[in-house]
Amino acid sequence: MSRKNPGVPLSEVANPASLVTEDGHNAYDLYCPLADCRCLILRKGVGKLVDMESELPQLPELPRLLNSPEESKEAPVEYKNKFWALSDMMSFENVGFSKTLSDTGVKYLICADCDVGPIGYHKTTQQQKDYRLVVDRVCYREQ
C-alpha cells in the first residue's frame, strides 16, 4: 500500500529533538495520522509545546489504521504526555470538533477530512481558550 500522507508518525521522526524550535513551537507542519489522508492540520511555528495538565480528559484510542506498520515503535519518552497548544481555533488549517461531552465539557479534535481522532481536545469550561493536539497523534512533515 502506498502512502499518500506526506508526514510520518512521531515514532519514525529521524531526529525527535528537531520537532521543537528554540522558542518552543512546532518546527514542522502537522498532518492527520491516517496514512491515506493528506490533511494538513497545523502549519509549522503555530503550536507551542506544553506538558500534560493534571486533569487531562481521557482520550479514546485511535484506530489501528494509522501511518505506522503493525509493529509500531513507541514515541520518544521526552514527548510522552506533551501537547501542541493553541489559543485560537482559527490557527488550525483543517480540524473538526466533536459535540461537547455533557459530563466533562470537552470537545475532541478530529481530522476534518477523514474524521479520524481524537487527535486532541478543547475544554469548553475554561475561561481562556485552549486547544491541544497530542504530540504523538499527528504526523510530521520533515522538510
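Using our numbering, the first residue of the sequence shown is number 8, and each one after it goes up by one.
Glycine included, every Cβ here is placed at the ideal spot set by N, Cα and C.
Own chain, CB closer than 6 Å to residue i, minus 5 neighbours either side, in chain order
i	result
Asp43	Lys11
Gly54	Asn33, Trp91, Leu93
Val57	Phe90, Ala92
Cys46	Cys39, Asn101, Cys118, Asp120
Met59	Asn88
Met8	Confidence at Met8 is low in this model, with a pLDDT of 48, below 50, so its placement is unreliable and the value that follows should be read with caution. Cβ neighbours of Met8 beyond the five flanking positions: none.
Gly52	His32
Euclidean distance between Cα positions of residue i and residue j
i	j	result
Val145	Arg139	12 Å
Gln135	Ser25	29 Å
His129	Asp110	14 Å
Val20	Phe99	22 Å
Asp97	Thr28	Looking at the sequence provided, one finds Met at residue 97 rather than Asp. Cα to Cα, the separation comes out at about 22 Å.
Thr131	Arg148	30 Å
Asp137	Tyr115	12 Å
Ser18	Val141	13 Å
Ile48	Gln150	16 Å
Residue i classed as buried or exposed, judged by whether at least 16 other C-beta atoms fall within 10 angstroms
i	result
Asn101	exposed
Gly127	buried
Asp95	exposed
8 Å contact criterion, which residue i and residue j should meet: CB distance rounded
i	j	result
Val123	Pro13	Not quite, the Cβ-Cβ distance comes to about 16 Å (not below 8 Å), so this is no contact.
Arg50	Asp36	6 Å
Sequence-distant residues of the same chain with beta carbon closer than 8 Å to residue i, five excluded per side
i	result
Gly112	Lys130, Thr131, Thr132
Across the region 85-94 and the region 102-113, are there enough close Cβ pairs to call them in contact, namely three or more that are closer than 8 Å? no
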